[in-house]
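Protein chains in written order, with the working numbering: chain A, 117 to 260; chain B, 3 to 238. Using N, Cα and C, we set each Cβ at its ideal position, and we do this for glycine too. Below is one structure; the comments refer to it alone.
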Amino acid sequence: MSLGDELRYLRAFHGGGNLREIEEEIGLKPGTLRYMEQRYRRVGEDDEVLASIAAYYDVPLGTLQYHRERYRKALSAYLQQGLESGATARFELRTGETLTGRVRWWDLGALGLEPEGGGALTVVQRHAVLDWAGTMTNDQSEGG
Amino acid sequence: MPEDLRTIRKRKGMSVNQMASRSGISIATLIQYEKGEREIPPNDLRRLAKVLYIDEWDINPRSSPPSPPPPRKERPDRPPRPQKKPPQEKKPPPKSPPARETQIAHLLTIAARFDIDRAALEAEIGKPLDELTQKEGRFWNGHFMRRMAEEQPPKSPIDRKRAYLPEGVDGFELAYLQEQQEAGAPLHFTLFDGQTFEGAVVGFSPYQITIREPGGDEITLNKLAIAYYRKAGGIR
């Protein structure tokens, strides 16, 4: 799960407050949180900013740093790689479950996973993916 | 007095797409309701009333078919156009001044690229270069420039490939849901909090999926709450 998804989740969990108000309360420049929530690329490089957000949401800084490494483009790259190679992909979900299989398709919101050993295609929501095997750190040539 | 669905929807400023996503009824079905091709069953009537914030009996279950478009109004006769003025006698074009030295120098330079010397060039043009006018100079310079362009190897098409961005659409999932809805196949949904639901898809939008449980109850699941789903009975 990307930092943006995690921040949105935390905001919803803390009452779904207005971004501008939260930014003001934390003392961030206007638009900082919105930017972090919406970007597909890796964001949140400034640990000081991350620490202030972590304090506001009452979560360890390490949690936000963990999600920073799992940005959406990195997941896209992993999915595309899996789609092209046909290799078995592995996804850890926020529910605590781990799903493995071959990526049949992926798009904006979900991915179609063919389970290992056959069975019905499983449609996994991207925001439910906490981690995946072989986290990629190189940026891909996508926009966003 | 009940009104047609389309009339109410228009008054509420809602699009068919919005009504479909909020009610969980497919766009195609809604269009059939609006055109009066199908009567709205009580179940859907309740959902639509809820979405439109009105009572069920405010909606006419069988909409009247849309009236044909009104015939085009005949345009009132236009006043006759004023006749054009008779063309005036054209003045003879002014004689072009002699070609500039730079024009001739340029012409000789590009002609040399085709191994054409001054004598050959004058033979091709049909007159000595000193007698060339500016207009003729422009013409012959253009002529050789075009020749050069034609004889140059074609530029290779731009080799930049735009990255394929499936992230720009959510078409795959919607196509899958469409397929399952048409097949009437029940799906098994697992939510973030571990709850599970099972039922056939009766409608969906980019943000919600409405299912009918085996008991007949309809539930709209927010996609943000869903972790994953698959055909009911599917083996992991």
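- From the beta-carbon of A:Gln197, no residue of chain B is found nearer than 7 Å; the closest lies around 13 Å away.
- Shown here, A:Ile169 sits in a helix according to DSSP, grouped into three states.
- Chain B places no beta carbon closer than 8 Å to that of A:Thr204, leaving this residue out of the contacts.
- For the alpha helix (DSSP H) assignment, the uninterrupted runs of no fewer than 4 residues enclosed by the segment 144 to 204 of chain A are, from N- to C-terminal side, 148 to 154, 163 to 173, 177 to 184 and 188 to 201.
- For the pair A:Arg242 and A:Trp222, the Cα-to-Cα distance works out to about 9 Å.
- One alpha carbon belongs to A:Gly212, the other to B:Ala30, and they sit about 39 Å apart.
- Contact annotation: B:Leu47 and B:Pro63 have beta-carbon atoms nearer than 8 Å.
- The beta carbon of B:Pro4 sits closer than 7 Å to the beta carbons of Trp59, Asp60, Ile61 and Asn62 from its chain, once the five residues preceding and following it are set aside; these are given in chain order.
- Contacts with chain A at 8 Å (Cβ-Cβ) do not include B:Thr31.
- If you draw a straight line from the Cα of A:Gly131 to the Cα of B:Glu41, it is about 42 Å long.
- Taking 4 residues as the shortest admissible run, the segment 91 to 159 of chain B contains the following complete alpha helix (DSSP H) segments, listed from N- to C-terminal end: 103 to 114, 120 to 127 and 136 to 153.
- Taking B:Glu175 as reference, the option from B:Tyr209, B:Glu39 and B:Pro94 with the minimal CA-CA separation is B:Tyr209.
- From the listed residues A:Glu161, A:Gln196 and A:Ala203, the smallest Cα separation to A:Glu185 is found for A:Glu161.
- Note: B:Ile211 is bridge-paired with B:Phe206 and B:Leu223 in the DSSP secondary-structure output.
- Burial is judged here by how many other beta carbons sit within 10 angstroms of a residue's own beta carbon; B:Lys52 has fewer than 16 and is exposed.
- Within chain A, the residues whose beta carbon sits less than 7 Å from that of B:Ile228 are Gln241, listed in sequence order.
- Classified as buried, B:Glu138 has 16 or more neighbouring CB atoms from the shown chains inside 10 Å of its CB.
- Apart from sequence neighbours up to five positions away, the residues of its chain that approach B:Ala234 with a beta-carbon distance below 8 Å are Ala187, Pro188, Leu189, His190 and Glu200, ordered along the chain.
- When Cβ-Cβ separations below 8 Å define contact, A:Gly131 makes no contact with chain B.
- Membership of A:Gln241 in the beta strand (DSSP E) is indicated by the continuous run Thr238 to Gln241.
- In the displayed model, B:Lys233 falls within a strand according to three-state DSSP.
- Taking C-beta separations shorter than 7 Å and ignoring five residues to either side along the sequence, the partners of A:Met117 in its chain run His183, Arg186, Arg210, His243, Val245 and Leu246, following chain order.
- Sorting A:Arg157, A:Tyr173 and A:Ile142 by C-alpha distance to the C-alpha of A:Arg127 places A:Tyr173 at the top.
- The segment 146 to 165 of chain A makes contact with the segment 187 to 199 of chain A: 3 or more CB pairs, one atom from each, lie closer than 8 Å.
- For B:Arg40, the closest Cβ of chain A is not nearer than 8 Å.
- Taking C-beta atoms as the reference points, B:Leu110 and B:Arg120 count as a pair closer than 8 Å.
- The closest CA to that of A:Val219, considering only A:Ala236, A:Thr204, A:Glu153 and A:Thr179, is found on A:Thr204.
- Within the model, the alpha-carbon separation for A:Val165 versus A:Arg124 is close to 16 Å.
- Using a Cβ distance threshold of 8 Å, A:Leu224 and A:Val240 do not count as a contacting pair.
- Listed along chain B, no residue sits closer than 7 Å to A:Leu246 by beta-carbon distance, the nearest being about 10 Å off.
- Any Cβ of chain A closer than 8 Å to the Cβ of B:Thr192 would place that residue at the interface, and such an atom is present.
- Here B:His190 is bridged, per DSSP, to B:Glu200 and B:Arg232.
- DSSP, reduced to helix, strand and coil, places B:Gly173 within a helical segment of the structure shown.
- Between the beta-carbon of B:Ile56 and that of B:Ile10 there is about 7 Å, and that keeps the pair under the 8 Å contact cut.
- B:Gly217 and A:Glu208 have their C-alpha atoms roughly 33 Å apart.
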